[in-house]
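K.L.:
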Amino acid sequence: MSLPPSAWLQREGNAGTKEAVYPSSKPPQRYSTDSVFCPQDVVEEAVLLLLITESMASGDAVISRVPDHKEAQETSLQDTTSVYDLLSIGMARRGQYAMLSECLERAMKFSFNEFHLWHQLGLSLMACGKGVGAVSVLKECARMRPEDPSLPMLAAKVCIGQLHWLEEAEALSQSVVSMGEEAAEFLPRAYLTVGLCCSLQASDGKRHRYELLAYALDPNDAKIALYLSLQLALVRQVAAAMDPLRVALSLRRDDLHSLHLLTLLLSAQKHHQHALETLTLALSQHPENFNLLITKVKLEEALYGPGIALQTCQDMLQLWQRRYDFTRTRYVNVSAAFSGPSLAASRLEQATSEVSAISSAHRQGPAYIWTTLEHIWLQAGELFMAEGRAKEAQFCVQEAAVLFPNSHSVLLLRARLAELKGNQDEAKSFYDEALAIHPNGHRILLHLLLVRCGRLGLGEKVLRDAVQAQSTSHEAWSGLGEALQSQGSSQAPDCFLTALELEASCPIRPFTIIPREL
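Counted the way the working numbering counts, the sequence shown spans residues 1 to 518.
#1: Find the nearest neighbour of residue 196 within the set 185, 226, 220, 183, judged by alpha-carbon distance.
#2: Closest by CA to residue 320, which one among 294, 268, 373?
#3: Assuming residue 514 is part of the alpha helix (DSSP H), what are its boundary residues?
#4: Where does residue 288 fall in DSSP's three states?
#5: Grab me the residues of residue 397's own chain with a C-beta within less than 8 Å of its C-beta, minus the 5 sequence neighbours each way, in chain order.
#6: What residue range is occupied by the uninterrupted alpha helix (DSSP H) comprising residue 257?
#7: Using only CA atoms, which one of 506, 274, 82, 123 lies nearest to residue 101?
#8: Given residue 141, which residues of its chain have a CB within under 7 Å of its CB, disregarding the five upstream and five downstream residues?
#9: Comparing C-alpha positions only, which one of 46, 189, 292, 200 sits nearest to residue 234?
#10: Inspect the CB distances between the stretch 459 to 474 and the stretch 250 to 264 and report whether three or more fall short of 8 Å.
#11: Looking only at its own chain, which residues have a Cβ that is under 7 Å from the Cβ of residue 306, when we skip the five neighbours before and after it?
#12: Just curious, the alpha helix (DSSP H) that residue 371 is in, first and last residue?
#13: Would you mind stating whether residue 149 and residue 183 have Cβ atoms separated by less than 7 Å?
#14: Comparing C-alpha positions only, which one of 231, 48, 445, 83 sits nearest to residue 514?
#15: Going by C-alpha to C-alpha distance, which of 96, 108, 283, 291 sits closest to residue 371?
#16: In terms of residues, what are the limits of the alpha helix (DSSP H) holding residue 222?
#17: For a quick check, are the C-beta atoms of residue 188 and residue 217 less than 7 Å apart?
#18: So for residue 164, helix, strand or coil by DSSP?
#19: Taking the CB atoms as reference points, tell me whether residue 299 and residue 281 lie closer together than 7 Å.
#20: Taking residue 190 and residue 153 to be in contact with their CB atoms under 8 Å, please state how far apart those CB atoms are, rounded to whole angstroms.
#21: For residue 229, I'd like the list of residues in its chain whose CB is within less than 7 Å of its CB, leaving aside the five on either flank, ordered along the chain.
#22: Taking its Cβ as the centre, do 16 or more other Cβ atoms sit within 10 Å of residue 285, making it buried, or is it exposed?
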């Protein structure tokens, strides 16, 4: 059998049809019946043949570990490993990591202490989002090769990014730190990981120290410089945060998170126009990033008012449609929601029914797709409320509630909308529900306090809870100052001064929107 054309060997992803690769004068026979799979291209055909081979090889594998069978066992393992390597290549091209992990799990029965297959299994579990299994397998790989620092670092990455197991990630990265110079280039990243874990656990002293150590060990690592800058920003050392961020941008000028953090730092210094210009630069390189676009909405609202910002919200909804409307049969009538208040209510109702058809009946895909849509609707609702357009705001809140009815963010906006309409009891009920879901939400605490007591009877206990939940909230400190002042307390001026200092360094959106991940 002759080799396939060399051009095909270089191809990735979707391959051409079999007929294009292996032309024949006789047309192939087609079979159409239930439970019959017909490969559509050579990659699918190769994977199908490899799956058949894998089934045969794993069934015939020599499992016995007795010395007399050692040579046969090694030969069998070598043959099956070759099959799994080819399967990894073929399935990775199609993104079939879940199926690949299932195949590799079947290989575990004859892979005792075989690092290569265990490592492949760990990577496939990591790629398909099975974080718990990936960490267990990678820790087993680290036991087989304790001198390899990349294995605990991979496990720590899964712990932080997928599982939020911060203590486990810290322990894994500390094991790399304990290797010292033997960890080589992984040592700075290990310190960075420890710092990130402390940061996510809100342990200020430790997180700053470890990130400074990481930066000292490798000042030319753009990610370490970025996270040092972010850590300084989180504790409101805005001017100091600029220095490592300049280093990060000099190393990677087009880095999304570095440009976004620069935008937030400029907004914290109240240079909103410069911040918007920086954001425009970031969007020119990452035009479909929703996190950047929401920041753009906030800056436009601050500079030009909610009317201009609403246009960006409409653009975001249309972008979401193009990217994530899986059905392609119905489209959101976004103009109905974003047109002037004189528009007939029937158009709003039509828009509601159309978007609901997409967002509820046909929901599929990863969860972040739908949380993104929720954020867009909530942002639009806040802008409509700022313009006093309660009907349009209600429409946006309804659409967000269709997606996540028990989201504390949705309940908070529903409460604020009820408050805007003068329904104090309904607002209080929604605030209580939101607080039950998210007890540490300082914004919920503040709004609940106001609707319960009014400005004259600010509750000191609730405000102290809000300050404890978010110590950098200038609204909470200001409210606490008012409460203490009404009681004649000498601590009130200190609260007001803290509120002024925090407000002077408050970004347009929280610094925590910058992802902290490896």
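Note that the Cβ used here is the ideal one computed from N, Cα and C, for glycine as well. These numbers come from a predicted model, not from an experiment.
P.N.:
This is what the structure gives:
#1: Ranking 185, 226, 220, 183 by Cα distance to residue 196 puts 226 first.
#2: It is 373.
#3: From DSSP, residue 514 is part of no alpha helix (DSSP H); its letter is neither H nor E.
#4: Looking at residue 288 - three-state DSSP - the assignment turns out to be coil, as it is neither helix nor strand.
#5: 377, 378, 381, 410, 413, 414, 417, listed in sequence order.
#6: Segment 256 to 268, the alpha helix (DSSP H) holding residue 257.
#7: For residue 101, the nearest C-alpha among the options comes from 123.
#8: Same-chain partners within the cutoff: 115, 118, 119, 122, 151.
#9: For residue 234, the nearest C-alpha among the options comes from 200.
#10: The stretch 459 to 474 makes no contact with the stretch 250 to 264: fewer than 3 CB pairs, one atom from each, lie closer than 8 Å.
#11: Cβ contact annotation for residue 306 (same chain, cutoff 7 Å, sequence separation greater than five): 383, 386, 387, in chain order.
#12: 367 to 386 is the extent of the alpha helix (DSSP H) around residue 371.
#13: Result yes, Cβ atoms of residue 149 and residue 183 sit closer than 7 Å.
#14: Selected option, being the one with the closest Cα: 231.
#15: Closest by C-alpha distance to residue 371, out of 96, 108, 283, 291, is 291.
#16: DSSP places residue 222 inside the alpha helix (DSSP H), whose first and last residues are 222 to 234.
#17: Their beta carbons are under 7 Å apart, which means residue 188 touches residue 217 by this criterion.
#18: Coil, per DSSP.
#19: With a cutoff of 7 Å on beta-carbon distance, residue 299 and residue 281 are scored as not near each other.
#20: About 7 Å separates the beta carbon of residue 190 from that of residue 153, a gap short enough to meet the 8 Å contact definition.
#21: Only residues of its own chain outside the window of five on either side were considered, and among them 241, 244, 245, 248, 261 have a CB closer than 7 Å to the CB of residue 229, listed in chain order.
#22: Label assigned to residue 285: exposed.
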